[in-house]
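Add 384 to the 1-based position in the sequence shown for the numbering used here, that's all there is to it.
Yeah, the Cβ is synthetic: ideal placement off N, Cα and C, and Gly gets one too.
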Amino acid sequence: MDGFSMSDIFPADNIAGFTARTEAAVRPLTISELTQKIRRLLETQVSDVLVEGEISGFKGASSGHLYFDLKDSGALIHCVVWASDATRLKFQPDNGAKVEARGKLTVYDQRGQYQLRVTSMRPAGLGKLYQAFMEMKERLAAEGLFDPAHKKPLPPHPHRIGIVTSPTGAAIRDMLNILTRRAPHIHVLIWPARVQGEGAAREVAVGIQRFNALDLPVDVLIVGRGGGSLEDLWAFNEEVVARAIWNSNIPVISAVGHETDTTIADYVADLRAPTPSAAAELVAKDSADLLRQVQILQGRAFRALRDRASFLRQAPHLASRLESAVIPRISALRMQLKEFDRSYGIQMPMQRVNQAKQHHDSLLETMNRTLTDKIQRRKHSILNLDGQLRTLNPKAILKRGYSITYNSASGRILSKAKEVKPATPLTIILGEGQVTAVSEPVPGAGAKPRAKVSRSKPSRTIEWFGTDTDDQQK
């Protein structure tokens, strides 16, 4: 192996060329490129997630976005709710609240941190109720209670209407107002029942059964109440109410809560109304409105038949060709539009806009915090300077018993006794006010002048560090 070297296997020029090609091929990523790769990986590979945790650091920004952290005993994740999703929340989140949040993982580029973009959220604990709701829904659906074939049509013009609801709630007042205004000739019967709390479901079911047992039954039943939380509406998710509606010989309209609320009663009923007021409008149709609708539909039907007949008379062979050619293409275009709308490329611009808003909110918060800190520091500095001025003010020294003596004629401060000649007018400044004096010689040879205090009013006031207005007021 003597005399053997690496240059015998890899010549120097080959090694240099290989190194240059390797360095050229492997270019380092910028931080932005790496962050974009991580964000794309999270957003495309991780599906929707449902997490439960406690809210902390909650903050609503001027842009409408909501920012907070979700935490448990072992970890924490930053969350953001875009303004478009925040408007659809059915409750007001706050610090300390336990919630269930659904969303997608994404990355906030400016900080390089991953976060959960929450699209919907509800208080924790509702998940168990919702699970019970879904289990009952599946079980009753398997038994056929939701079968459309079992649903009874509503009478077009009912004469007697039965209502099962609370007699003191706002829902009954709204329904009676609408029924009285639109159809005062309809006879309305009310079965009072609790619609919330223990035993409410049983009372609602009994009301439905009693209406069916009347000798002169009503033409249609309205069962419902006003809006509320999932717990408030739970009586209409009970099986006893669902089976009472199923066994009713009278058509039943479910009118529970608001338009966005859905209960088991809605699925079993013959018709679901979005609100109690809407249920009253459905059963009490205005005859004048019906007549106008019939006339409008009649005119549309005549025009459509006339146009279709005219076209087919001119080209009878085109009808089937047009139908077979156009309808499949329309269906294919609709599918393409749906796929296009769900594509990652369409969602990216909105994602970038929302992230830019989030960055703006962060900058605004930093600016406000910086300005507040600077103002506090300047205020503290001013207070320190004010304290020093008060300490160094000569008036403060005078108040401790010292004085300043002037030559009243020249206005010169005197610091030595030999500067004072006999009969020299003097002004003595004290801590509070001033006095005048005239120097006199001390008896004896070589005596130095001494001051004789005058009790007369001074001829003029000597100012010291400003006017003596404050002293005079004192």
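If you follow the alpha helix (DSSP H) that residue i is part of, which residue opens it and which one closes it?
i: residue 584; result: 584-596
i: residue 626; result: 623-631
i: residue 804; result: Looking at the DSSP string, residue 804 is not in any alpha helix (DSSP H), and its letter there is neither H nor E.
i: residue 777; result: From DSSP, residue 777 is part of no alpha helix (DSSP H); its letter is neither H nor E.
i: residue 651; result: 648-652
i: residue 469; result: 467-470
In angstroms with no decimal places, state the Cα-to-Cα distance between residue i and residue j.
i: residue 414; j: residue 757; result: 34 Å
i: residue 530; j: residue 617; result: 19 Å
i: residue 541; j: residue 691; result: 34 Å
i: residue 633; j: residue 576; result: 20 Å
i: residue 794; j: residue 772; result: 32 Å
i: residue 723; j: residue 590; result: 50 Å
i: residue 891; j: residue 786; result: In the structure as shown, the chain begins at 385 and stops at 858. Residue 891 is therefore absent and cannot be evaluated.
i: residue 527; j: residue 637; result: 21 Å
i: residue 892; j: residue 538; result: As displayed, the chain neither begins before 385 nor continues past 858, which places residue 892 out of reach and without an answer.
i: residue 520; j: residue 686; result: 48 Å
i: residue 829; j: residue 817; result: Reliability of the predicted coordinates at residue 829 is poor, the pLDDT of 47 falling under 50, and the value obtained from them is presented with this limitation in mind. Roughly 35 Å separates the two Cα atoms.
i: residue 572; j: residue 544; result: 6 Å
i: residue 468; j: residue 417; result: 28 Å
i: residue 504; j: residue 441; result: 18 Å
i: residue 635; j: residue 574; result: 16 Å
i: residue 506; j: residue 557; result: 31 Å
i: residue 809; j: residue 782; result: 21 Å
i: residue 608; j: residue 583; result: 15 Å
i: residue 769; j: residue 813; result: 26 Å
i: residue 484; j: residue 433; result: 10 Å
i: residue 611; j: residue 564; result: 23 Å
i: residue 411; j: residue 425; result: 20 Å
i: residue 517; j: residue 653; result: 16 Å
i: residue 805; j: residue 823; result: 7 Å
i: residue 646; j: residue 694; result: 47 Å
i: residue 555; j: residue 663; result: 10 Å
i: residue 742; j: residue 448; result: 10 Å
i: residue 512; j: residue 712; result: 44 Å
i: residue 651; j: residue 624; result: 14 Å
i: residue 431; j: residue 444; result: 27 Å
i: residue 600; j: residue 560; result: 21 Å
Residue i bridges to which residues according to DSSP?
i: residue 497; result: 492
i: residue 462; result: 453
i: residue 790; result: 797, 811
i: residue 440; result: 453
i: residue 430; result: Beta-bridge pairing links residue 430 to no other residue.
i: residue 656; result: 638
i: residue 502; result: 487
i: residue 435; result: 485
Going by DSSP, what residue range makes up the beta strand (DSSP E) through residue i?
i: residue 455; result: 450-455
i: residue 825; result: 818-825
i: residue 638; result: 636-640
i: residue 607; result: 604-609
I need the DSSP call for residue i, collapsed to helix, strand or coil.
i: residue 476; result: coil
i: residue 577; result: coil
i: residue 514; result: helix
i: residue 853; result: Here residue 853 scores only 43 on pLDDT, less than 50, and its place in the model should not be relied on; the value that follows carries that caveat. Residue state, collapsed to three classes: helix.
i: residue 740; result: helix
i: residue 485; result: strand
i: residue 425; result: helix
i: residue 524; result: helix
i: residue 507; result: strand
i: residue 829; result: Confidence at residue 829 is low in this model, with a pLDDT of 47, below 50, so its placement is unreliable and the value that follows should be read with caution. Residue 829 falls in the coil class under three-state DSSP.
i: residue 445; result: coil
i: residue 601; result: coil
i: residue 746; result: helix
i: residue 410; result: coil
i: residue 756; result: helix
i: residue 540; result: coil
i: residue 533; result: helix
i: residue 613; result: coil
i: residue 419; result: helix
i: residue 645; result: coil
i: residue 683; result: helix
i: residue 668; result: coil
i: residue 692; result: helix
- Item | Contained beta strand (DSSP E) runs [length at least 3] in the segment 544-573, N- to C-terminal order | 544-549
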